[in-house]
Amino acid sequence: MFTGVLDTSYCHDNASHDFETMGDIGDFLEKWPAHALGRSCAKSNACVVNGRIVSLTEVETKLRNVVPKPKFLDALETKICNDLKNIQSDDRDLRFQAFKEAFQAFIHELKTYKPLLSRIYKEYEDYINFYKAEAQKLRPVKEYLWTISQECDERILKIQKRERPELDNLKREIIRLRDLVSQLREDKISLETHVQHLTQSVKDEHDKFRNEADAKLLLISEINALRMQLDEIARLSQKFLIKQTNTTTRLY
-18 MFTGVLDTSY
-8 CHDNASHDFE
2 TMGDIGDFLE
12 KWPAHALGRS
22 CAKSNACVVN
32 GRIVSLTEVE
42 TKLRNVVPKP
52 KFLDALETKI
62 CNDLKNIQSD
72 DRDLRFQAFK
82 EAFQAFIHEL
92 KTYKPLLSRI
102 YKEYEDYINF
112 YKAEAQKLRP
122 VKEYLWTISQ
132 ECDERILKIQ
142 KRERPELDNL
152 KREIIRLRDL
162 VSQLREDKIS
172 LETHVQHLTQ
182 SVKDEHDKFR
192 NEADAKLLLI
202 SEINALRMQL
212 DEIARLSQKF
222 LIKQTNTTTR
232 LY
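Structure (structure tokens):
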């Protein structure tokens, strides 16, 4: 596994290995002139116009490119752009095919570097084909997982369809029980209020009965007192009559 195109090492089987370095590759390859990538600039910011020295701005000192882009490079870029426009899709395989054909044309034209570039190209192809084969091996597993997923979804739908009436009945039962609980709470409040009224009534009756009992006891006590007074008067009267009778008898 490489971490970049300019890596000087790579990892294999959890071990690090170093590449043989080539030094500065610029010592071996000829480049398209570096100044062709940018804009050439005048060495002075002033010039003579009609016998007068005129100061130029930074933009005015910039000149047009004097070295054109190589025709082959321009042709390859044009081909890639046209192929991508014709595809009009995000299909990775089609986009890869466009760049692949451009790279093959590039290798074909570079006679000197063609063997080396062909070997590099082949290694990349082998690397990609290897992982395509590995992905192909995993396709049955992916299809199996997709089938299992579909079956699970169908089973879930069947279970939901089968249990939906029961769930609807349970929901209705829950609503009914909630209404019943609400009604029972109202009945409880009403009964508590009624019990409070009855309790107060019993208390009032108890107080009334206790007052009547006390009055009755008081009346009984008064009656007993009167009775005792009457008995005492009767006794005294009897005693008086006896005494009066005895006095009359002695007089005769």
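In this note's numbering, the protein residues as written are -18 to 233.
Note that beta-carbon positions come from the ideal geometry of N, C-alpha and C, so glycine has one too.
Separation of residue j from residue i, as counted between CA atoms
| i | j | result |
| --- | --- | --- |
| Ala215 | Leu198 | 25 Å |
| Lys92 | Gln69 | 33 Å |
| Glu154 | Leu179 | 36 Å |
| His175 | Leu151 | 35 Å |
| Arg73 | Lys139 | 38 Å |
| Arg191 | Val162 | 42 Å |
| Ala206 | Glu167 | 58 Å |
| Thr228 | Lys220 | 12 Å |
| Glu11 | Tyr125 | For Glu11, the predicted model reports a pLDDT of 49, less than 50, meaning its position is unreliable; a value from the coordinates is still stated below. Rounded to whole angstroms, Glu11 to Tyr125 spans 54 Å at the Cα level. |
| Lys95 | Glu132 | 53 Å |
| Arg120 | Ala114 | 10 Å |
| Ala196 | Arg159 | 55 Å |
| Ala251 | Arg100 | Beyond the ends of the chain as shown, which are -18 and 233, falls residue 251; an answer cannot be given. |
| Leu217 | Leu200 | 25 Å |
| Gln210 | Ser202 | 12 Å |
| Tyr112 | Tyr105 | 11 Å |
| Ile204 | Glu193 | 16 Å |
| Asp8 | Lys118 | With a pLDDT of only 48 at Asp8, under the threshold of 50, the placement of this residue in the model should not be trusted; the figure read from the coordinates follows. Cα-Cα distance, rounded: 45 Å. |
| Asp185 | Gln177 | 12 Å |
| Leu165 | Arg157 | 12 Å |
| His187 | Lys169 | 26 Å |
| Lys142 | Gln181 | 59 Å |
| Ile137 | Ser130 | 10 Å |
| Asp107 | Asp71 | 24 Å |
| Ala15 | Val122 | Any reading at Ala15 must be qualified, since the residue scores a pLDDT of 45, below 50, and its modelled position is unreliable; the value itself is stated next. Taking the straight line from one Cα to the other gives about 53 Å. |
| Asp212 | Lys189 | 34 Å |
C-beta atoms of residue i and residue j nearer than 8 Å
| i | j | result |
| --- | --- | --- |
| Ala86 | Asp64 | no |
| Ala290 | Leu57 | In the structure displayed, the chain extends from -18 to 233; residue 290 sits before or after that span and is not available. |
| Ile88 | Leu98 | yes |
Residues near residue i in its chain [Cβ-Cβ closer than 7 Å; skip 5 each side]
| i | result |
| --- | --- |
| Ile6 | Reliability fails at Ile6, whose pLDDT of 42 lies under 50, so the model's placement of it is uncertain and the value that follows must be treated cautiously. Nothing listed; no residue qualifies. |
| Leu172 | none |
| Glu90 | Phe53 |
| Arg76 | Leu65, Ile68 |
| Thr59 | none |
Cβ-based neighbour list, residue i, same chain, cut-off 6 Å, excluding 5 preceding and 5 following
| i | result |
| --- | --- |
| Glu144 | none |
| Lys24 | Residue confidence is low: Lys24 scores 48 on pLDDT, short of 50, so the model does not pin down where it sits. Its coordinate-derived value is still stated next. Taken in chain order, the list of residues that qualify is empty. |
Close beta carbons around residue i, own chain, < 8 Å, minus the five adjacent residues each side
| i | result |
| --- | --- |
| Tyr102 | Phe84, Gln85, Ile88 |
| Ile61 | Ala79, Phe80, Ala83 |
| Glu135 | none |
| Thr128 | none |
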